[in-house]
Structures are given as structure tokens and as C-alpha cells.
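Residue numbers (my numbering), protein chains in the order written: chain A, 25 to 148; chain B, 25 to 148. In this text, a Cβ means the ideal position worked out from N, Cα and C, and glycines have one as well. Notes to accompany the following structure.
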DNA sequence: TACCTATTGCGACTATTTCGCAATAAGTAA
DNA sequence: TTACTTATTGCGAAATAGTCGCAATAGGTA
Ligand SMILES: [Mn+2]
Ligand SMILES: [Mn+2]
Ligand SMILES: [Zn+2]
Ligand SMILES: [Zn+2]
């Protein structure tokens, strides 16, 4: 399955990069200037996740949020990092803090989903 | 709002205590011997949460799971603990490990939702 | 330019959770 | 026991999120 470049992909990726936060499909659809179908947005996002460009977080509201993976120099966000969800401004951001844990013997951890909820810096 | 004792409450609570794991509404409904309406189960569970007897976890599958709060002697489970979700047996259990984090300045954390996903001891 | 197939839009569909409302029943006091 | 208040329940509808099948479209390549 070779990936193709499409306006939809570009628009969604640019939006995620510009915003810098984790966004839900709903928020993405609202912020997009072009109109893209709901199912297409999900497919684009899931393909980004498969390709390792984006990661998915499930918050306490049960919704999926998507954020670009930043492994670059400036903001060094570790692989398994905490996320913060502000109840006021409804945004989710990646925190530059790694999740520390040691699963009990025999438990094989494949993925981590950690979300802290509260009021963010801007809203307090 | 004074709480009343009902067979539904008792059945759900006993099931959660006996199982010892975090259960979804679906799993609860299946394991229950008596038949209780879907909406009622949710209402019972949410009331338990309000009263601090049960805590709610949202897993990567976007579903809500409920587990009794064990602050007792034998298994000392800390307040903000990790949870482990087994992809194989579809169960979620509370891990006896506290979530360690330090939110950035200005961020006020009100609740924590941390789930590790993988294969549990019994399934590996 | 022609072809292959990845991608899209649309509608239908599933799943989870909540809500309104009337009926029921737990607790309390007479 | 009986009467009364209202917390709780069952039922159906509704809201929300995400997925899927299918035909149409369009990106990449030769
Ligand atoms: Mn992140
Ligand atoms: Mn727990
Ligand atoms: Zn905020
Ligand atoms: Zn297991």
C-alpha cells in the first residue's frame, strides 16, 4: 500500500502541526478551511498513526485525540509521555514528562495511555 | 438526595467486589444473575462513583470501566494508580503502583486516568 | 495518455452512554 | 399497619463517536 499525497492529508497534517496540540476529529473538522468528510478525516488520522507521524490519545471523555509526534530537538517529548486535558478550554496537550512505571512480573505492556485532567496554565 | 438500598445496587456492588477487577457495563450485565436495565446499571455505577465507593477508568477502547476502591489493608492500592488492560482476556485490573508525575507550573491536576495495555500474566 | 489502485464522499450501521418520563418501591413517620 | 414522599427503576428515544461497504474520484507511474 503505497501512500499518496492528497489535499486532505496535507490539510489535516498542517493543522495538527500548526496547532501543536492533540485534537479530536470534531475540532479538526471545525478548524479546517476546506470541508473534509468525517470518515475521511478518521482514515487520514489513522493512516498517520500507522505511519508513526501521529499518536492517538483517548481521554476521560472517551474521545480520540490526535497529535503529531515530536521527537525533534526543541521540545523533547519522550515516547510515553503524559497528556493534559483542560476541562475549561477543552484542549489536550502533550507534556514533556515521561510516564514512569514498572509493570508486575509477567505483564507485557504494549502501549500506554495517560491523561491528567484539570485546568491548564492559560485558564487558571 | 438520600441513598436507598435496592437489589440492583447490591447485585452490582457484590459483583464488582467478587470479581475484583474493573468491569464495563456490558461485562457487568452479562455476569449478573438478575436482569437489570442498561440505564439502571449506569446510574448505579455513577452513583457509586459519586459516593467514592467505586472509581471509573476510561480505556483505550473508549469504554468506561468501573472498579471498587480498595483502600484497605491487604492490597494497598494507592489513590492514583495505574491500570492494566489485557488485550487477550479483555479484563482491566488495578495495579498497586501509584502514578508519579509533576505537572508543569500553572497546571492544576484534578483527576488522573492511566491505562497500560498489553498481555497480562495469566495470558502470557 | 492510459492504467492501476489508493483515496474520497456518502450513507448506513454499530456501539456506548445519556435522558425524559411514567411507574415502582424504599424509607419514614403517623 | 398505613400513608406519604421521593429515590430509583424500566423503557424508549436520543445523542455521540467511530467504522464500513461501495461506487466515484484522482494520484502516481510508465
Ligand atoms: Mn502526546
Ligand atoms: Mn483502579
Ligand atoms: Zn485550558
Ligand atoms: Zn489477560
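Residue i, DSSP secondary structure in three states
{"i": "residue 128 of chain B", "result": "coil"}
{"i": "residue 140 of chain A", "result": "strand"}
{"i": "residue 32 of chain A", "result": "helix"}
{"i": "residue 83 of chain B", "result": "coil"}
{"i": "residue 52 of chain B", "result": "helix"}
{"i": "residue 134 of chain B", "result": "strand"}
{"i": "residue 41 of chain A", "result": "helix"}
{"i": "residue 58 of chain B", "result": "coil"}
{"i": "residue 123 of chain A", "result": "coil"}
8 Å Cβ cut-off: residues of chain B touching residue i
{"i": "residue 44 of chain A", "result": "Near residue 44 of chain A there are no residues of chain B at all, since even the closest Cβ is about 15 Å away, more than 8 Å."}
{"i": "residue 86 of chain A", "result": "82, 86, 87 and 88"}
{"i": "residue 118 of chain A", "result": "Within 8 Å Cβ-Cβ: nothing; residue 118 of chain A doesn't reach chain B, min ~11 Å."}
{"i": "residue 135 of chain A", "result": "84, 140, 141 and 142"}
Contacts around residue i, its chain only, beta-carbon distance under 8 Å, and the 5 residues preceding and following it disregarded
{"i": "residue 148 of chain A", "result": "none"}
{"i": "residue 140 of chain A", "result": "106, 107, 108, 109 and 119"}
{"i": "residue 35 of chain B", "result": "56, 57, 58 and 60"}
Where residue i meets chain B, residues with beta-carbon distance less than 9 Å
{"i": "residue 121 of chain A", "result": "125, 126, 127 and 128"}
Listed by chain order, chain A residues near residue i by CB distance under 7 Å
{"i": "residue 132 of chain B", "result": "142, 143 and 148"}
{"i": "residue 29 of chain B", "result": "Chain A residues near residue 29 of chain B: none, gap ~30 Å exceeds 7 Å."}
Cβ neighbours of residue i in the same chain (closer than 7 Å, five flanking residues each side left out)
{"i": "residue 33 of chain B", "result": "68"}
{"i": "residue 104 of chain A", "result": "122, 123 and 136"}
{"i": "residue 93 of chain B", "result": "76, 77, 78 and 79"}
Same chain, Cβ closer than 6 Å to residue i, neighbours up to 5 away in sequence not counted
{"i": "residue 169 of chain B", "result": "Chain B is shown only over 25 to 148; residue 169 of chain B falls outside these bounds and no answer can be derived."}
{"i": "residue 115 of chain A", "result": "45"}
Per-residue contacts from residue i into chain B (C-beta, under 7 Å)
{"i": "residue 106 of chain A", "result": "125"}
Beta-ladder partner(s) of residue i, from DSSP
{"i": "residue 108 of chain A", "result": "A:117 and A:140"}
{"i": "residue 47 of chain B", "result": "B:90"}
{"i": "residue 78 of chain B", "result": "B:92"}
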